[in-house]
Each structure stands twice: as C-alpha cells, then as structure tokens.
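Down below is the structure, laid out as structure tokens.
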Amino acid sequence: MELKDILSPDNTRVAVEESSKKKILELISQLVAPKLAGVSKADIFDSLLQRERLGSTGIGLGIAIPHGRLENAGQPVAALITLAQPIDFDAIDNQPVDIIFALLVPKDNPELHLQTLSAVAAKLNQKDCCRSLRHSTSSSELYELMTKEDTADSCN
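In full-length UniProt numbering, the protein residues as written are 1 to 156.
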C-alpha cells in the first residue's frame, strides 16, 4: 500500500497553530472522520487517546505518529500535519514535536497497521525528507512531498 492510498490532500495541513497534544488529536479526529463512514470523531479521538495512554507516539526528532485501531473502520486513513511551533508530545527524546502523521486502521487488520506504521517511520527517518516537510509552505506541497514515490530524492 502506498501512502497516497491512505493520505488525501484534504487530510494534510501545514503550519497549524495548536498548542497541545489534546488539541492536535482533536484536529486529527475532525480531519479523518469524514473518510470513515460509521465512525464518529469521538470514536477516533478515544482510539488515539487510548493509544497515547499506553505510551507516547512521539518517536523523537520532532516527529509523532499517533495511531489507533477502529472497530467500524472499513479502510485505513491518515492525516499529516506540521505545526507552526513545536509542542510537547511526551516524545521519547523529550523534544517537542512539529511533524505529526496520524494513522487510523480497521481493528481486524493488525498486519496492515504495522506495515503502514513501519513505512511511515522509515520515510520520516530520512533527515532530508523531514527538512523538506518542515519547509513546506502549503498543504498541497506537504501532501506531494509525503506521497512522492520512494526514490533517491524522496521528499526533495
């Protein structure tokens, strides 16, 4: 599965002005709910919040990958957000976060969940990719950079 199969331009936001993890999780819930028939914003928020209670999804280097499994989701859906100002996300390196890639998947497909998380983490582990994402000036540019095929110049 390619990222463009789960991430859409309308679920991509650049330079968002939010000041807390809770507000970001609420924004993610609001963005992805229209893509998931039969799943409410509250269900999405609860899933993300439950996962955060297990341990922060802040993976370090200013990146967080909040994710959750949903009972009634028919397909996976993602959101990508960059923040105007980094926020505390309880990341493993104690650094604030400014790139957030959220993933919601059907509860009955844990393999897809893990494969997609792995692909996203690998892409965001590329310093040049993150630098490009951070310098994006529009949501459409952010979307194009993230969904670009993996090549030697990925995210450039």
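For each residue, glycine too, the CB sits at the ideal point set by N, CA and C.
Between the alpha carbons of residue i and residue j, how many angstroms are there, rounded?
i           : j           : result
residue 20  : residue 90  : 11 Å
residue 53  : residue 148 : 32 Å
residue 126 : residue 133 : 11 Å
residue 196 : residue 120 : Since the displayed the chain opens at 1 and closes at 156, residue 196 lies outside it and no answer follows.
residue 51  : residue 137 : 30 Å
residue 43  : residue 104 : 11 Å
residue 40  : residue 84  : 27 Å
residue 157 : residue 123 : As displayed, the chain neither begins before 1 nor continues past 156, which places residue 157 out of reach and without an answer.
residue 37  : residue 73  : 7 Å
Whole-angstrom Cβ separation of residue i and residue j, contact assumed at under 8 Å?
i           : j           : result
residue 102 : residue 6   : Rounded, the Cβ-Cβ distance is 10 Å, inconsistent with contact.
residue 3   : residue 146 : 6 Å
In chain order, what are the residue ranges of uninterrupted beta strand (DSSP E) at least 3 long that sit wholly in the UniProt domain "PTS EIIA type-2" (5–149)?
You should have 7–16, 58–60, 67–70, 77–87 and 97–106.
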